[in-house]
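Student: Can you keep this structure in mind? I'll have questions shortly.
There are 2 protein chains.
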Amino acid sequence: MADKKLVEAITSMNTDFAQWYTDVVKKAELIDYTSVKGCMVIKPAGYALWENIQKQLDSMFKESGVENVYLPMFIPESLLQKEKDHVEGFAPEVAWVTHGGLNPLQERLCVRPTSETLFCDFYKNEIQSYRDLPKVYNQWCSVVRWEKETRPFLRSREFLWQEGHTAHATAEEAEERTIRMLDIYAKFCEEYLAIPVIKGRKTEKEKFAGAEATYTIEALMHDGKALQSGTSHNFGDGFAKAFEIQYTDKDNTLKYVHQTSWGMSTRLIGGIIMVHGDDSGLVLPPRIAPTQIMIIPIQQHKEGVLEKAEELAKILSSFRVKVDSTDKSPGWKFSEQEMRGIPIRVEIGPKDIEAGKCIICRRDTREKIEVSLTQLADKAAEILETMQKEMLERARAHREAHTYTASDYEEFVKTFEEKTGFVKAMWCGEQACEDAIKEKLAVTSRCMPFEQEKISDTCVCCGKPAKKMVYWGKAY
Amino acid sequence: MADKKLVEAITSMNTDFAQWYTDVVKKAELIDYTSVKGCMVIKPAGYALWENIQKQLDSMFKESGVENVYLPMFIPESLLQKEKDHVEGFAPEVAWVTHGGLNPLQERLCVRPTSETLFCDFYKNEIQSYRDLPKVYNQWCSVVRWEKETRPFLRSREFLWQEGHTAHATAEEAEERTIRMLDIYAKFCEEYLAIPVIKGRKTEKEKFAGAEATYTIEALMHDGKALQSGTSHNFGDGFAKAFEIQYTDKDNTLKYVHQTSWGMSTRLIGGIIMVHGDDSGLVLPPRIAPTQIMIIPIQQHKEGVLEKAEELAKILSSFRVKVDSTDKSPGWKFSEQEMRGIPIRVEIGPKDIEAGKCIICRRDTREKIEVSLTQLADKAAEILETMQKEMLERARAHREAHTYTASDYEEFVKTFEEKTGFVKAMWCGEQACEDAIKEKLAVTSRCMPFEQEKISDTCVCCGKPAKKMVYWGKAY
Numbered sequence: 001m002a003d004k005k006l007v008e009a010i011t012s013m014n015t016d017f018a019q020w021y022t023d024v025v026k027k028a029e030l031i032d033y034t035s036v037k038g039c040m041v042i043k044p045a046g047y048a049l050w051e052n053i054q055k056q057l058d059s060m061f062k063e064s065g066v067e068n069v070y071l072p073m074f075i076p077e078s079l080l081q082k083e084k085d086h087v088e089g090f091a092p093e094v095a096w097v098t099h100g101g102l103n104p105l106q107e108r109l110c111v112r113p114t115s116e117t118l119f120c121d122f123y124k125n126e127i128q129s130y131r132d133l134p135k136v137y138n139q140w141c142s143v144v145r146w147e148k149e150t151r152p153f154l155r156s157r158e159f160l161w162q163e164g165h166t167a168h169a170t171a172e173e174a175e176e177r178t179i180r181m182l183d184i185y186a187k188f189c190e191e192y193l194a195i196p197v198i199k200g201r202k203t204e205k206e207k208f209a210g211a212e213a214t215y216t217i218e219a220l221m222h223d224g225k226a227l228q229s230g231t232s233h234n235f236g237d238g239f240a241k242a243f244e245i246q247y248t249d250k251d252n253t254l255k256y257v258h259q260t261s262w263g264m265s266t267r268l269i270g271g272i273i274m275v276h277g278d279d280s281g282l283v284l285p286p287r288i289a290p291t292q293i294m295i296i297p298i299q300q301h302k303e304g305v306l307e308k309a310e311e312l313a314k315i316l317s318s319f320r321v322k323v324d325s326t327d328k329s330p331g332w333k334f335s336e337q338e339m340r341g342i343p344i345r346v347e348i349g350p351k352d353i354e355a356g357k358c359i360i361c362r363r364d365t366r367e368k369i370e371v372s373l374t375q376l377a378d379k380a381a382e383i384l385e386t387m388q389k390e391m392l393e394r395a396r397a398h399r400e401a402h403t404y405t406a407s408d409y410e411e412f413v414k415t416f417e418e419k420t421g422f423v424k425a426m427w428c429g430e431q432a433c434e435d436a437i438k439e440k441l442a443v444t445s446r447c448m449p450f451e452q453e454k455i456s457d458t459c460v461c462c463g464k465p466a467k468k469m470v471y472w473g474k475a476y
Numbered sequence: 001m002a003d004k005k006l007v008e009a010i011t012s013m014n015t016d017f018a019q020w021y022t023d024v025v026k027k028a029e030l031i032d033y034t035s036v037k038g039c040m041v042i043k044p045a046g047y048a049l050w051e052n053i054q055k056q057l058d059s060m061f062k063e064s065g066v067e068n069v070y071l072p073m074f075i076p077e078s079l080l081q082k083e084k085d086h087v088e089g090f091a092p093e094v095a096w097v098t099h100g101g102l103n104p105l106q107e108r109l110c111v112r113p114t115s116e117t118l119f120c121d122f123y124k125n126e127i128q129s130y131r132d133l134p135k136v137y138n139q140w141c142s143v144v145r146w147e148k149e150t151r152p153f154l155r156s157r158e159f160l161w162q163e164g165h166t167a168h169a170t171a172e173e174a175e176e177r178t179i180r181m182l183d184i185y186a187k188f189c190e191e192y193l194a195i196p197v198i199k200g201r202k203t204e205k206e207k208f209a210g211a212e213a214t215y216t217i218e219a220l221m222h223d224g225k226a227l228q229s230g231t232s233h234n235f236g237d238g239f240a241k242a243f244e245i246q247y248t249d250k251d252n253t254l255k256y257v258h259q260t261s262w263g264m265s266t267r268l269i270g271g272i273i274m275v276h277g278d279d280s281g282l283v284l285p286p287r288i289a290p291t292q293i294m295i296i297p298i299q300q301h302k303e304g305v306l307e308k309a310e311e312l313a314k315i316l317s318s319f320r321v322k323v324d325s326t327d328k329s330p331g332w333k334f335s336e337q338e339m340r341g342i343p344i345r346v347e348i349g350p351k352d353i354e355a356g357k358c359i360i361c362r363r364d365t366r367e368k369i370e371v372s373l374t375q376l377a378d379k380a381a382e383i384l385e386t387m388q389k390e391m392l393e394r395a396r397a398h399r400e401a402h403t404y405t406a407s408d409y410e411e412f413v414k415t416f417e418e419k420t421g422f423v424k425a426m427w428c429g430e431q432a433c434e435d436a437i438k439e440k441l442a443v444t445s446r447c448m449p450f451e452q453e454k455i456s457d458t459c460v461c462c463g464k465p466a467k468k469m470v471y472w473g474k475a476y
């Protein structure tokens, strides 16, 4: 029944996944390109998704004791340079402000690529005594990284995110907070975005500039490529030493604080698209969908149809519901609802009204369910819940089907030649092997998962004794 | 009962209002200064206020059909220059990005001081037909203006705000939206912030760079100075012509759109402080206060006191309530609650528990009310409501008591020499008179109020026939 025109406007995902993605973000009206290279407009449909992500994550943060703050978007060059590894990691990709009004600045400022240095400068003044700890602050803001290659949501020169920055009295407490935030991220991805994730630790090569340990959640996209979906860093006392953030402990001695940071961004929207989308467009998990139900009247010019549609909207008012009463054809409206990924549509026409029923159509399975109008709200709730659950299950099954193991180098190479997905393989712990693998196969270590398995005894690259099982993959 | 130390840390408002303000923003822990000159950290207590402002305003916006979007923070220089008046108004005070990573940019980018030009560039692509109108978009973001003199919340180089930008088919519709948003701003200030405002139109001299008409809401602070608290601009088709934003109307002819923009910022927090604060610190209107009720246990080491305090918190859980169970003295806790402006505190000690009562103390009047524990929730609701209402009434009475009239120049000068407040006086409509008044008295025209009165027949400055009654004042 869906109109073909809108659907034909997007490339099939099996033909060209990258083009499919670009088509979907445009046709589902999530973004628009701008005159500013590498920066995008997030349109209402895209921003409403981000608002729902924010709302849910923010409430999970607050439940765990996080307070929100706002720090400046500018970092003086001298401040950025205080932590050696950090500046090396970020300086090549920051935007520099050199003039304020008509005058050159005495010291140039970079637009924050991340705010560790600013938080350190702030905490240095805020923290004097053990009574001032812990500090568990977060900010919602935009950051800038001067990327060469950009893609909407996945990699853009400016993006929206949250960045949490904490300071603790002990190393144990910092580690506990690092893992706690990773757990919140994983829970959020699975329960709200229906995206299953692998929790693990990054290798030294892949960790955040300045961190002692970086933990990550890694998700697998429909095309078999990995998406790093959230990271949580334990800095130990490295930044504290560089910035001299000390507190007087109960025993009256001066000690360095232990710090963490953790972030998630609009990149998650790219993940939602690439995990759940299909050739008709977006498929949004019900819990995060800005509109959960679209009511589409059939033969709406006939008496009573539009009124009935509005009446159903009232019955469904505990959901995020809309009626499409525009003068477009039902087929076109179906296509639009499908393109935008609205989880369920309710079709209601004169015959349905007469029979006291309507049709509910699920976006993911396209299953059509005849529902008595007296049971509509209950049935809608049930279908949305089932859909949320099955979307996660399907994504998990897809990931399992695209997760491979390799015991030796030959198998490793062959798997990556023939398949795209995660490959679980053993690693000796040396960066030389990671470098070699990256150079030859263009894949990277995604993480050393918390759930370790023993695939073989030796490193898949060099054959030396293995230390860790690693998830390898091509990544966005 | 309140401990003197914390209170003594702030200057009395009658001694030095500016210093009092600076002391309050620091001691109430709203902000901290940073290494970035003119930029501040908004700390948890300050940011929670902004979150409540955002939440309420955003819901009022959405009720009136506004959709949220996000546009880039950078504006290419050539784009900023497209509208002549606009660039003249803003170019002297923008921050310029000249390098991305290690390379100089081909065209420098300014950090948005406001986003009219970006929205125009966006709308130019989005709008083709009358079917695409109206566009009623808003964004919550930070903007940068390279001010020389800065003060926390009132004028800083970076501040948080919302900026709405709309495009309409007709001039009437644009004007209607401009006024509608001003009305929402006024309603929000009065009903939520307990700040009464004067609605009116800015003179040509004071209007926004590029606008056809700027409307404003002006509030009077405790020290008699005015605060421009929100503005709404009607651009007519000026920007549309500069950016060539045209649509095909129903009659198949090409027409220019008519645009508006409107904004409110973290400056509102400065307004709350300066309208309601006193020598003990902040006084927050209950509807916007992050914490509405602070429960302070007396003799908390005695058995059952802390438990009872927690029990009361549960009874009061429909409010934003906290228990201060730290090991500080009750007097110190009182001072902190007062400094932070928490609307009411509940005092509960062993004797109160025995008598089945507690004491509620209002932050604004310091009135102490004995309340039976069985009636606590009802009574708290009633007191918070009364407080909200009386704060607005008091602010209005203060404004009325500091609003003067002047019929001629002598009276005008004398009033400003002797008083600080609004002076209502007639004006001929010529900028020369505004310039002369500003030069001699350092006051500006705040607005031509919608509610016009006739103070005299002639301009208070030049004596020529008067066209408008104007509110004059010293402004932040």
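From first to last, the protein sequence lines stand for chains A and B.
Going by the numbering used here, the letters in the first sequence line up with residues 1 to 476, in that order.
Going by the numbering used here, the letters in the second sequence line up with residues 1 to 476, in that order.
By construction, the Cβ of each residue, glycine as well, lies at the ideal position given by its N, Cα and C atoms.
1) Less than 9 Å between the C-beta atoms of A:Thr22 and A:Phe159, yes or no?
2) State the DSSP-derived secondary structure class of B:Tyr21, mapped to helix, strand or coil.
3) Do A:Glu218 and A:Val197 have their beta-carbon atoms positioned less than 9 Å apart in this structure?
4) Name the DSSP bridge partner or partners of A:Pro76?
5) Could you run through the region 23-46 of chain A and flag, in chain order, every residue whose CB is less than 7 Å away from some CB of chain B?
6) Where does A:Arg320 sit, in a helix, a strand or coil, going by DSSP?
7) Using alpha carbons as the reference points, say which of A:Pro134, A:Ala9 and A:Asp408 lies closest to A:Tyr256.
8) Exposed or buried, which one is A:Met1 when buried takes at least 16 other CB atoms within 10 Å?
9) Quick one: is B:Gly277 near chain A, going by C-beta distance under 9 Å?
10) Taking C-beta pairs closer than 8 Å, name the residues in chain B that A:Asn68 reaches, listed in chain order.
11) In chain order, what residues of the same chain lie with their CB nearer than 7 Å to the CB of A:Phe188, ignoring the 5 residues before and after it?
12) Output the boundary residues of the alpha helix (DSSP H) element that contains A:Ser59.
13) Would you list the one or two residues that DSSP bridges to A:Asn138?
14) Check this for me: beta carbons of B:Val25 and B:Gly38, under 9 Å apart or not?
15) Over what stretch of residues does the alpha helix (DSSP H) that includes A:Asp121 continue unbroken?
16) For the region 138-155 of chain B, which residues have a CB atom closer than 7 Å to at least one CB atom of chain A, in sequence order?
17) Consult DSSP for A:Gln452 and reduce its assignment to one of helix, strand or coil.
18) Counting pairs of Cβ atoms below 8 Å between the region 97-115 of chain B and the region 94-104 of chain A, do you hit three or more?
19) In three-state DSSP terms, what is A:Val257?
20) Residues of the region 305-337 of chain B in Cβ contact with chain A at a cutoff of 7 Å, in chain order, please.
21) What runs of the beta strand (DSSP E), each 3 residues or longer, lie entirely inside the region 406-437 of chain A?
22) Considering only the beta carbon of each residue, do A:Met40 and A:Phe153 sit closer than 9 Å?
23) When burial is assigned at 16 or more other CB atoms within 10 Å of the CB, is A:Pro104 buried or exposed?
24) Which residues mark the beginning and the end of the beta strand (DSSP E) in which A:Phe235 is found?
25) Quick one: Cα of A:Ala211 to Cα of A:Val87, how far?
26) Are the beta-carbon atoms belonging to A:Ile245 and A:Ala395 less than 9 Å from one another?
27) Measuring only the C-alpha atoms, how far is A:Met477 from A:Ala213?
28) Among all the DSSP beta bridges, which residues are the ones paired with B:Val97?
29) Closer than 7 Å by beta-carbon distance: list the chain B residues that pair up with A:Trp96, in chain order.
30) With a threshold of 9 Å between beta-carbons, can A:Asp121 be considered close to chain B, or not?
31) Alpha carbon to alpha carbon, how far is A:Trp262 from B:Gly89? Give it in angstroms, no decimals.
32) Hey, how far is the Cα of B:Glu303 from the Cα of B:Thr326?
33) Using DSSP bridges, identify the partner residues of B:Lys467.
34) Cutting at 8 Å between CB atoms, please list the residues of its own chain near A:Met469, excluding the five before and the five after it.
35) Go ahead and label B:Pro385 buried or exposed: buried means 16 or more other beta carbons lie within 10 angstroms of its beta carbon, across all protein chains shown.
36) Would B:Thr114 pass as a contact of B:Leu79 if the rule is Cβ separation under 9 Å?
Tutor: In short:
1) In this structure, A:Thr22 keeps its C-beta atom at 9 Å or more from the C-beta atom of A:Phe159.
2) DSSP places B:Tyr21 in helix when its eight states are reduced to three.
3) Their beta carbons are under 9 Å apart, which means A:Val197 touches A:Glu218 by this criterion.
4) DSSP, once it has assigned bridges, lists A:Leu109 as partnering A:Pro76.
5) Under the 7 Å Cβ criterion, the region 23-46 of chain A contributes Asp32, Thr34, Ser35, Val36, Cys39, Val41, Ile42, Lys43 and Pro44.
6) Here A:Arg320 sits in coil by DSSP.
7) Comparing Cα-Cα distances from A:Tyr256 to each of A:Pro134, A:Ala9 and A:Asp408, the minimum goes to A:Pro134.
8) A caution first: A:Met1 carries a pLDDT of 48, below 50, which makes its placement in the model unreliable, though a value can still be read off. It is exposed - the Cβ of A:Met1 has fewer than 16 other Cβ atoms within 10 Å.
9) False, the Cβ-Cβ gap to chain A never drops below 9 Å.
10) Proximity of chain B to A:Asn68 at the Cβ level (cut-off 8 Å) is accounted for by Pro44, Tyr47, Ala48 and Glu51, in chain order.
11) Closer than 7 Å at the Cβ level, and outside the excluded window around A:Phe188, lie Gln56, Leu57 and Met60.
12) Unbroken alpha helix (DSSP H) run through A:Ser59: Pro44 to Glu63.
13) Beta-bridge pairing links A:Asn138 to A:Asn68 and A:Gly164.
14) Between B:Val25 and B:Gly38, the C-beta gap is not smaller than 9 Å, which leaves the two residues out of contact.
15) Element bounds for A:Asp121: Glu116 to Glu126.
16) Residues of the region 138-155 of chain B whose Cβ lies closer than 7 Å to any Cβ of chain A, in chain order: Ser142 and Trp146.
17) The answer is coil: DSSP assigns A:Gln452 none of H, G, I, E or B.
18) Contact annotation: the region 97-115 of chain B touches the region 94-104 of chain A, with at least three C-beta pairs closer than 8 Å.
19) In the three-state scheme derived from DSSP, where H, G and I count as helix and E and B as strand, A:Val257 is classed as coil.
20) Of all residues in the region 305-337 of chain B, none has a Cβ within less than 7 Å of some Cβ in chain A.
21) Qualifying beta strand (DSSP E) stretches, in chain order: 422-427.
22) Going by C-beta atoms, A:Met40 is nearer than 9 Å to A:Phe153.
23) Exposure of A:Pro104 is indicated by the presence of fewer than 16 other C-beta atoms within 10 angstroms of its C-beta.
24) Ala226 to Gly236 is the extent of the beta strand (DSSP E) around A:Phe235.
25) Put simply, the backbone Cα of A:Ala211 is about 12 Å away from that of A:Val87.
26) Using a Cβ distance threshold of 9 Å, A:Ile245 and A:Ala395 do not count as a contacting pair.
27) Not covered by the structure: residue 477 of chain A. The range shown for chain A is 1 to 476.
28) Paired residue(s): A:Val97 and B:Leu109.
29) Within 7 Å Cβ-Cβ: Val97, Thr98 and His99.
30) With 9 Å as the cut-off, A:Asp121 counts as an interface residue toward chain B.
31) Whole-angstrom Cα-Cα distance: 40 Å.
32) Approximately 16 Å between the Cα atoms of the pair.
33) Paired residues: none, contrary to the question.
34) If we look at A:Met469 and ignore the five residues flanking it on each side, its Cβ neighbours are Lys424, Ala425, Met426, Trp427, Met448, Pro449, Gln452, Glu453, Lys454 and Ile455.
35) Reading off the sequence shown, one finds Glu at residue 385 of chain B, where the question assumed Pro. It is exposed - the Cβ of B:Glu385 has fewer than 16 other Cβ atoms within 10 Å.
36) Cβ atoms of B:Thr114 and B:Leu79: not closer than 9 Å.
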